[in-house]
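Visitor: Protein chains in written order, with this note's numbering: chain A, 26 to 467; chain B, 169 to 752.
One structure, as structure tokens, below. Some questions next.
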């Protein structure tokens, strides 16, 4: 590593475009951080003595004689306990008016965990939201995105999840966050008295979009510090990964790469996986759980961004408006938590899996009954009861404003079954029926 | 030995100026300040070699030294591979230090200190050639054959062979003399380039046997042949991995090799956690004792993804040479294709469809063709059965990887979103999926001999019922429940019986998750006899509850121990129920 005193200053740029500049320089390492006229930039290509730099803020106003200084190292972050309670930009510089953080300097985007050193996730994260805890239980070390249209209140739901999750640290990586949403998070964390366990890396819509590419690595380097060095349970929130992917597409386009599906770079899967796979449960007790947001356009999950995300993450949480109750619910059909079977019925009451499946099955039957009604066919008494059940199930359990304990969710489920159905219509194992069926509920 | 200097870096593509001859796919090491990074030559132009680095290229500089090895990517073969967890380049993951993978750390695949009980098969004076069995050692419960190294050409005479006893992997166990009179020492280990097939056998016949998997929708409806090939495409969340894991737990193979290629690390952790606990129902041994894992998860270096599937295939072929039945599972081959696409893109090759390289279909079919059953020169038979998963973008089966694979593989297990949404698992589409082996005369003959004369016809008839049920269902939906003849409801419900009782299977239930072929035979025959029967109903409203009851009884049968009292009682009840409504 070169020391500050020996830094060489280059002043001869030979190629410029909107996002990159190229100059002649020697002894430069791949992915090294540099400053072009004071703007941070990173080496993306070296060809003999020609070095191409990606300038994060764009090259507007950069002249061919601009000063280029190489730092001799890739982007880094100083990590220590001092990170807690602070707000930073994409380069890890404080934006809350506080002092610079002192600590060990670490490269961001470091190596992956050896798979044989991982542990199978097994700790139930309780959020109070029944659409999540009951139907799609989250587990520490999991990675899961919200799939939501831009008009859904995903930032609010995510904030609720974060504050109730009993994590030791919450790390927010905001990419293309509107200033209003940024202030929302700031006030919320403040009011909840949770500031001391929060670390935020924020790129707002005011900031250059390419800077976003640094946010997940900054957030996850911080997460690894707390999870590995301090054995803490860390929750990482990344919003919005669609804007992150858009920034990837811009860069790859400027680098003349051939786009694949939906104009996204061919490496999208690997780029996203590198981030999401940082979610891990360590044997020593520390863990990194990632909850992200992927905004959809018109609910289309076949678009390259949600599609690749779905192949990487361990399920997805789907928000939609239920017009019957006029509230946003966690869609029980399209949502999935792949790790739920590691905890439900094991870390919760034994009847949990059956209650969950039965309620979803009856909700599905209500949906077909509604279709039948819409097509002008007569409804049977059973159909009518399914529809009534679905209304209350939506209202009391699926809606995102629900905040109750898991046992209460299960009791609510039993209560609804007993009110609307006969014993043989429910089809739950006899031992649970004997224990929980509420004969007097009707 | 050729040396070179780095002249350029973009992503994991590094160009090197060389001072001597280099070969396509030759392995070289780039020297950084502290570590050496393995990379592979993928293009040569003049004295510039383009190489793909199997690691992160962060910090690489122009002018760094490169040393070439004069060989392609090789794996090391020998006793002690079993039950291990390797990365894509065959480094033993368990002997790597620390929580995080270190760049440039390559660990030995074989344990050089472990001793194996050696028993000679060849005698002094025997004439041998490449792949002939010299000796046998105990590797766990497997009789691991020590073979004449595959690279040896021509005939050799056994000059000496050590007496039976305990030896280490790198001890000299035999000396062979070639026809020029030169002596060559042989140890228990040898190396072989992964991109080359190991072809030391007499012939590769058409598959003529079934490989039982215990999964009904495969064994009954779309059987996999021993030495056959198949693939499982499906959108995310349809249960590709669960199905592959179910196959790996139950399949009738001596050895299972799982290549986790570009998929989730937690899924591999599940295997690490479960397999040492689970019992192989056939042998009573721990599943891990017959399993090997090649693991290049999605966050591990992209270039090593391609290597990982070839490494897995080469290991499978190695054990095939010992006369073993090997099942190779790769999850997912799409990630490998994507790795090829990234590299082709950086090489600025003209792209084919969706940006994939033009030779993708050829690469895939060449890989699938390495599977197969073989008759070895010594009369033994070994096989590699290969099942890969494909992750089609957007769940659309008309994309290049799925289409190329469809041309290469003989079985197609299409996972369907609708079935997964309806929680009908395994979500294998009963109508789109196929097994070409069902048409092979050899396989038909096999069924005739081992199961029954009319087995294939019975299977085809069950498939036909499923198809009819689907068509009838569409009509009921269009016309309404009461506007179609009652018979339509009966046909639909018969297909539902086939679906619920035979096609669906509970992968998480101890008994239902594994159905031996003998039991599948009983169930298929019983279900079909009830489907062929005519039923009498007065109105359509009676049909649904009646068949729901029938399905429920059948499912209780599926959940009961085969031929237990419960099993027979439920069977009796089902038959009684059918009798009640029998139409004359």
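For every residue, glycine included, the Cβ atom is placed at its ideal position computed from N, Cα and C.
Check the DSSP bridge columns for residue 301(B) and list the partner residues they point to.
Guide: Position 133 of the second chain, counting from 1, holds the residue named residue 301(B). According to DSSP, which records beta bridges pairwise, residue 301(B) is partnered with 315(B).
Visitor: With 8 Å set as the bound, which would you pick, yes or no: does the beta-carbon of residue 307(A) sit closer than that to a beta-carbon of chain B?
Guide: Your numbering for residue 307(A) matches position 282 in the first chain. True, the Cβ-Cβ gap to chain B drops below 8 Å.
Visitor: Rank 332(B), 403(B), 352(B) and 450(B) by C-alpha distance to the C-alpha of residue 565(B) and give the top, closest one.
Guide: Locating residue 565(B) in the second chain gives position 397, counting from the first residue. Looking at the Cα atoms, 403(B) is the closest of the given residues.
Visitor: Jot down the residue ranges of each uninterrupted beta strand (DSSP E) in the stretch 454–529 of chain B, minimum 3 residues, whole runs only, in chain order.
Guide: Segments of the beta strand (DSSP E) lying fully in the stretch 454–529 of chain B: 459–464 and 493–499.
Visitor: Run through the DSSP bridge pairs and tell me what residue 199(B) is partnered with.
Guide: Start at 1 with the first residue of the second chain, and residue 199(B) comes out as number 31. The partner list for residue 199(B) (beta bridge, DSSP) reads 204(B).
Visitor: Give the residues of chain B in contact with residue 358(A), contact being defined as C-beta atoms less than 9 Å apart.
Guide: As a first step, residue 358(A) must be located in the first chain, where it is residue number 333. Ordered by position in chain B, the residues that pass the 9 Å Cβ test against residue 358(A) are 589.
Visitor: Is the distance from the Cβ of residue 226(A) to the Cβ of residue 60(A) below 8 Å?
Guide: Along the first chain, one-based indexing puts residue 226(A) at 201. Along the first chain, one-based indexing puts residue 60(A) at 35. Going by C-beta atoms, residue 226(A) is not nearer than 8 Å to residue 60(A).
Visitor: Relative to the C-alpha of residue 307(A), which candidate in 215(A), 250(A) and 66(A) has its C-alpha closest?
Guide: For the purposes of this step, residue 307(A) is taken as residue 282 along the first chain, with counting starting at 1. It is 250(A) whose Cα lies nearest to the Cα of residue 307(A).
Visitor: Would DSSP call residue 413(B) helix, strand or coil?
Guide: The residue you call residue 413(B) lines up with position 245 of the second chain. Residue 413(B) falls in the helix class under three-state DSSP.
Visitor: What residues in the stretch 251–284 of chain B bring their beta carbon closer than 8 Å to a beta carbon of chain A?
Guide: Here the close residues are 253, 261, 262, 264, 266, 267, 268, 269, 270 and 271.
Visitor: Does the beta-carbon of residue 481(B) have 16 or more other beta-carbons within 10 angstroms, so that it is buried, or is it exposed?
Guide: Position 313 of the second chain holds residue 481(B). Its Cβ being crowded by 16 or more others within 10 Å, residue 481(B) is buried.
Visitor: By how many angstroms is the C-alpha of residue 203(B) removed from the C-alpha of residue 271(B)?
Guide: The residue labelled residue 271(B) in the question sits at position 103 within the second chain. The residue labelled residue 203(B) in the question sits at position 35 within the second chain. For residue 271(B) and residue 203(B), the distance between alpha carbons rounds to 7 Å.
Visitor: Please decide whether residue 193(B) counts as near chain A, where near means a Cβ-Cβ distance under 8 Å.
Guide: Against the second chain, residue 193(B) aligns to sequence position 25. No, no contact with chain A.
Visitor: Using 8 Å for Cβ pairs, my map puts residue 466(A) next to residue 418(A). What's the rounded Cβ distance?
Guide: For the purposes of this step, residue 466(A) is taken as the residue at position 441 of the first chain. For the purposes of this step, residue 418(A) is taken as the residue at position 393 of the first chain. The Cβ separation is near 14 Å, so there is no contact.
Visitor: Name, please, each residue of chain B whose Cβ falls closer than 7 Å to the Cβ of residue 140(A).
Guide: As a working mapping, residue 140(A) is identified with position 115 in the first chain. Result: 261, 433, 436, 437, 463 and 465.
Visitor: Please classify residue 663(B): does DSSP put it in a helix, a strand, or coil?
Guide: Numbered from its first residue, the second chain carries residue 663(B) at position 495. Three-state result, residue 663(B): helix.
Visitor: Compile a chain-ordered list of the residues in the stretch 145–162 of chain A whose CB is closer than 9 Å to at least one CB of chain B.
Guide: Result list: 145 and 146.
Visitor: Pull out every residue of the stretch 439–452 of chain B whose Cβ sits closer than 8 Å to any Cβ of chain A, in chain order.
Guide: From the stretch 439–452 of chain B, only 440 and 441 have a Cβ closer than 8 Å to chain A.
Visitor: Tell me the start and end of each unbroken beta strand (DSSP E) in the stretch 129–156 of chain A that is at least 3 residues and wholly inside, in chain order.
Guide: As far as the stretch 129–156 of chain A is concerned, its whole beta strand (DSSP E) runs of at least 3 residues are 129–132.
Visitor: Quick check: what's the CA-CA separation for residue 414(B) versus residue 330(B)?
Guide: Counted from its first residue, the second chain places residue 414(B) at position 246. Counted from its first residue, the second chain places residue 330(B) at position 162. If you take the alpha carbons of residue 414(B) and residue 330(B), they lie about 43 Å apart.
Visitor: How many Å lie between residue 89(A) and residue 78(A) at the Cα?
Guide: To locate residue 89(A), count along the first chain from 1; it is residue 64. To locate residue 78(A), count along the first chain from 1; it is residue 53. Taking the straight line from one Cα to the other gives about 13 Å.
Visitor: Does DSSP put residue 439(A) in a helix, a strand or coil?
Guide: Taking the first chain and counting its residues from 1, the one referred to as residue 439(A) is at position 414. Here residue 439(A) sits in helix by DSSP.
Visitor: Under a CB-based cut-off of 8 Å, is residue 477(B) close to chain A?
Guide: As a first step, residue 477(B) must be located in the second chain, where it is residue number 309. Chain A, which has no Cβ nearer than 8 Å to the Cβ of residue 477(B), makes this no.
Visitor: Whole angstroms is fine: what's the gap from residue 748(B)'s alpha carbon to residue 721(B)'s?
Guide: Indexing the second chain from 1 puts residue 748(B) at position 580. Indexing the second chain from 1 puts residue 721(B) at position 553. Each residue's Cα considered, the two are about 15 Å apart.
Visitor: Comparing the C-beta of residue 178(B) with each C-beta of chain A, is any distance below 8 Å?
Guide: Taking the second chain and counting its residues from 1, the one referred to as residue 178(B) is at position 10. By this cut-off, residue 178(B) is an interface position.
Visitor: Spell out whether any CB of chain A is found under 8 Å from the CB atom of residue 229(B).
Guide: Along the second chain, one-based indexing puts residue 229(B) at 61. Residue 229(B) counts as touching chain A.
Visitor: With DSSP run on the structure shown, which of helix, strand or coil describes residue 307(A)?
Guide: Here residue 307(A) refers to the residue found at position 282 when the first chain is read from its first residue. Looking at residue 307(A) - three-state DSSP - the assignment turns out to be coil, as it is neither helix nor strand.
Visitor: For residue 736(B), go through chain A and note every residue whose CB falls closer than 7 Å to its CB, in chain order.
Guide: In the second chain, residue 736(B) corresponds to position 568, counting from 1. By Cβ distance, chain A contributes nothing, its closest Cβ being about 22 Å from residue 736(B), past 7 Å.
Visitor: Using a C-beta to C-beta distance shorter than 7 Å, which residues of chain C count as neighbours of residue 402(A)?
Guide: Although the question refers to chain C, the structure presented lacks it and instead comprises the protein chains A and B.
Visitor: What whole-angstrom Cβ distance do residue 758(B) and residue 337(B) have, given they're in contact under 8 Å?
Guide: Any property of residue 758(B) remains undetermined from this structure, which presents chain B solely from 169 to 752.
Visitor: Sorted by chain position, which residues of the same chain lie with C-beta nearer than 7 Å to residue 488(B)'s C-beta, five sequence neighbours on each side aside?
Guide: As a working note, residue 488(B) is residue 320 in the second chain. For residue 488(B), where only same-chain residues beyond five positions count, the Cβ hits under 7 Å are 494, 542, 550, 551 and 552.
Visitor: Out of 303(A), 454(A), 463(A) and 407(A), which has the shortest C-alpha to C-alpha gap to residue 382(A)?
Guide: The residue you call residue 382(A) lines up with position 357 of the first chain. The residue with the shortest Cα to Cα distance from residue 382(A) is 454(A).
Visitor: Cβ of residue 222(B) less than 8 Å from any chain A Cβ?
Guide: Taking the second chain and counting its residues from 1, one reaches residue 222(B) at position 54. So no, residue 222(B) is outside the interface.
Visitor: Return the residue from the list 52(A), 350(A) and 335(A) that minimises the CA-CA distance to residue 343(A).
Guide: Counted from its first residue, the first chain places residue 343(A) at position 318. Taking only the C-alpha atoms, the option nearest residue 343(A) is 335(A).
Visitor: Out of curiosity, what's the CA-to-CA distance linking residue 282(A) and residue 517(B)?
Guide: Along the first chain, one-based indexing puts residue 282(A) at 257. Along the second chain, one-based indexing puts residue 517(B) at 349. Between residue 282(A) and residue 517(B), the C-alpha separation is close to 11 Å.
Visitor: Taking 8 Å as the threshold (C-beta atoms), are residue 315(A) and residue 304(A) in contact?
Guide: In the first chain, counting from the first residue as 1, residue 304(A) sits at position 279. In the first chain, counting from the first residue as 1, residue 315(A) sits at position 290. Going by C-beta atoms, residue 304(A) is nearer than 8 Å to residue 315(A).
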